[in-house]
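Engineer: Heads up, this note's numbering is the position in the sequence shown plus 3, with the first residue counted as 1.
Note that beta-carbon positions come from the ideal geometry of N, C-alpha and C, so glycine has one too.
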Amino acid sequence: MRPTYLEVNLAQLKQNVEAIRAHVAPAKVMPMVKANAYGHGIDGVAPFIEPFVDYLGVALVEEGIHLRQLGIKKPILVAGGILIEQLPLFLEHDLTLTASSPELLAAADEMAESTRKQLKVHLKIDTGMERVGVRDYEAESFLLKSFACRHLSLEGIYTHLANSETPDRKYSVMQLERFQEVLRIYEKNSVPVPIRHVCNSGGILNLPEAHFDMVRPGVLFYGVYPGREALRSVNVKPALTWRSRVAYSKVTLPGRPVSYGSLWQAESPARIVTIPCGYADGYFRRMTNQAQVIVKGKKYPQVGRICMDQFMVNLGADHAEVGDEAILLGEGVTVEDLAAWAGTNEYEVMTNISARVPRVFL
Ligand SMILES: *Cc1c(COP(=O)(O)O)cnc(C)c1O
């Protein structure tokens, strides 16, 4: 196997689910496993975690189909926007549809009727994200239409928070009030309220009054907090260790700059080691001369332009040989560190660790 790989601590993911469940009980838990389980590797994560969750969430219908092909039996919600021509796939693979417009709802009802199959649907209300969903101020006719659908199983209704990770709860509370207003339409029409869900990771941490019947943890399930300011009201820990090994070791002299663009050179003879991992693996090029790497248990600066498949680390006067251990993430280097060096958020760091990096599940 490639010396550069991602170690995934599945037992930690289970502990994270349990910590989240204890915090939101009696609400159900639907971890979001879109984007290759936030980079962790869907093929290992989904079958392992299935027994400990109520639902699994993905963004794309293709991701839902992949879960079924892995043998997942639990319900799967496809949360992202879809095209009407993708509707048959929901029936074929028993996926739960997010009905985000009256047109989609009507098409789904028609198709369910013609195929005489059960189609599970969650209505999506847009309370302040302006992405997909029927706006709260247009929801009444949408819900009335849904009550008239004869061939759908209207299992849920949900919305998505736009600012849940910030300590200022004002925007979230406003979204919540809009959602509550929509829920009153059920009462008014004496229709039983379906499964209600609102909270992403930020909401789980910051908005206990919004846990409702189910929560949708993404980043928190993977043990990472949604930003530095997020309240740490649930204790979770990350599950990733990104490992590699020294592929080349030499002493570089002053006047002999390292890598493309000659952006860095030693001021005195320095031990420079090459790590066989680069931006094609998701080790962002924009971390050049910013990142730190653990080699043989000690942190050292990354130097010279990060290449597609390799990058260099400056050990100074220390020594390392070909084959020695390097750690790019974990054991003292956090996802937050990588995000700061790359000028992005934790989500982008994790979801960009590419398919070329083998996942090893512990
Ligand atoms: C991705 C996603 C989530 C999870 O968001 P986190 O901030 O990672 O917790 C929740 N709900 C929906 C609809 C999503 O698309």
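Check whether the Cβ of R235 lies closer than 7 Å to any heavy atom of ligand 1, and answer yes or no.
Structural biologist: no
Engineer: Between Q268 and M315, what straight-line distance do the alpha-carbon atoms span, to the nearest angstrom?
Structural biologist: Taking the straight line joining both Cα atoms gives about 12 Å.
Engineer: Pick from L186, I188, D171: whose alpha carbon is nearest that of L208?
Structural biologist: D171
Engineer: What do you get for P34, buried or exposed, if any count of 16 or more other CB atoms within 10 angstroms of its CB means buried?
Structural biologist: buried
Engineer: Can you say whether M4 is buried or exposed, counting buried as having 16 or more other CB atoms within 10 angstroms of its CB?
Structural biologist: exposed
Engineer: Taking the DSSP output, what are the residues bridged to R199?
Structural biologist: I160
Engineer: Indicate, with yes or no, if ligand 1 has a heavy atom lying under 7 Å from the CB of N355.
Structural biologist: no
Engineer: Between the Cα of W344 and the Cα atoms of L80, R288, S117, D112, which residue gives the shortest distance?
Structural biologist: R288
Engineer: Identify the continuous beta strand (DSSP E) that holds A273 and give its terminal residues.
Structural biologist: 273-278
Engineer: Would you tell me roughly how many angstroms separate the C-alpha atoms of I297 and P304, rounded to the nearest one?
Structural biologist: 9 Å
Engineer: Ligand 1 and H366: does any heavy atom of the ligand fall closer than 7 Å to the residue's C-beta?
Structural biologist: Nothing can be reported for residue 366, as the shown portion of the chain is limited to 4 through 365.
Engineer: May I ask whether a heavy atom of ligand 1 can be found less than 7 Å away from the beta carbon of A30?
Structural biologist: no
Engineer: Can you tell me the Cα-Cα spacing of H154 and Q121, whole angstroms?
Structural biologist: 7 Å
Engineer: Measure how close the beta-carbons of V376 and Y41 come, nearest whole angstrom, since I'm counting them as under 8 Å.
Structural biologist: What the structure shows of the chain is the stretch from 4 to 365, and residue 376 is not part of that stretch, so it cannot be assessed.
Engineer: Where do the N-terminal and C-terminal ends of the beta strand (DSSP E) with D112 fall, by residue?
Structural biologist: Run containing D112: none in the beta strand (DSSP E); it sits in the alpha helix (DSSP H), 105-118.
Engineer: Which value, in whole angstroms, describes the spacing of the CA atoms of L256 and N317?
Structural biologist: 12 Å
Engineer: Rounded to a whole number of angstroms, what is the C-alpha to C-alpha distance between H125 and A111?
Structural biologist: If you take the alpha carbons of H125 and A111, they lie about 12 Å apart.
Engineer: Roughly how many angstroms lie between the CA atoms of D139 and D340, to the nearest whole one?
Structural biologist: D139 and D340: Cα-Cα distance of roughly 38 Å.
Engineer: Just the Cα atoms here: how many angstroms apart are M353 and N192?
Structural biologist: 44 Å
Engineer: Applying the criterion that 16 or more other CB atoms from any shown protein chain within 10 Å of the CB defines a buried residue, is T101 buried or exposed?
Structural biologist: By the 16-neighbour rule on beta-carbons within 10 angstroms, T101 is buried.
Engineer: On a CA-only basis, which of A115, K31, Y282, G136 is nearest C202? Give me that one, please.
Structural biologist: K31
Engineer: Counting only the same chain and skipping the five closest in sequence on each side, list residues whose C-beta sits under 6 Å from that of G326.
Structural biologist: R248
Engineer: Nearest to V338 by CA position, among P29, H200, E184, Y286, is which residue?
Structural biologist: Y286
Engineer: State buried or exposed for T291, treating a residue as buried only when at least 16 other CB atoms are found within 10 Å of its CB.
Structural biologist: buried
Engineer: Do you know offhand how far D216's Cα is from L210's?
Structural biologist: 14 Å
Engineer: Quick check: is any heavy atom of ligand 1 less than 7 Å from the C-beta of S103?
Structural biologist: no
Engineer: Taking K191 as part of the alpha helix (DSSP H), name the residues at either end of that continuous run.
Structural biologist: 173-191
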